[in-house]
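Student:
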Amino acid sequence: MTEFTEITRNKSRFRSACKDMSLKQLKSMANHLSEFIEKRTQEEVALAEQVAKKHKEKQAILASIAKAGLTPEDFFATDLPKIKKPHKPVAPQYRIKDAQGLKHEWSGRGRTPKAFEHYFNNGGSKNSCRI
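The sequence shown begins at 26 in the working numbering and counts up one residue at a time.
#1: Whole-angstrom Cβ separation of Trp131 and Phe141, contact assumed at under 8 Å?
#2: Using a Cβ-based criterion (distance less than 8 Å to any ligand heavy atom), does Phe101 qualify as near the ligand ADP?
#3: For Arg120 versus Lys128, is the C-beta distance shorter than 9 Å?
#4: Do Lys151 and Gly133 have their C-beta atoms within less than 9 Å of each other?
#5: I need the boundaries of the beta strand (DSSP E) containing His129, first residue and last residue.
#6: Who pairs with Tyr119 in a beta bridge, going by DSSP?
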């Protein structure tokens with residue numbers, strides 16, 4: 026809480042804070058406060074009207090949905106199967122022959138295969154095995 030709210034909630038603290046103010050200053054403060062209260066009241070009325078309007082529109086939409094024989098769950102069903110796009114195979118960009126004479130190919134994507142790791146660790150470079 027701010028100091029202002031603490032002072033205004035306690036009558037004696039409020040009186041103590043205002044005792045050095047002139048009557049003109051107190052009236053000015055009262056006018057500012059009444060203007061603020063009026064504005065806040067208008068804002069709250071407008072907000073309540075918006076909430077009521079939204080509620081009315083929601084009810085109309087739900088009635089239309091029910092009239093069509095549907096439920097809101099029909100629109101937001103989560104158990105629909107996800108359609109995965111088929112991925113095209115990626116052509117290999119690197120090729121090496123290991124010590125046993127086996128050819129290993131790698132597209133350069135994803136985790137580096139063990140054969141290529143061994144090749145790179147023993148001084149080989151990517152450019153030397155590029156296709």
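Beta carbons: idealized from backbone N, C-alpha and C, even for Gly. If you're wondering where the values come from, they're calculated on a predicted model, not measured in any experiment.
Tutor: Considering the structure as presented:
#1: The Cβ separation is near 6 Å, so the contact holds.
#2: Among the components modelled here there is no ligand, and therefore nothing to report on the ligand ADP.
#3: For Arg120 and Lys128, yes; Cβs fall inside 9 Å.
#4: Result yes, Cβ atoms of Lys151 and Gly133 sit closer than 9 Å.
#5: Its beta strand (DSSP E) spans residues 128 to 131.
#6: Bridge partners of Tyr119: Trp131, Arg155.
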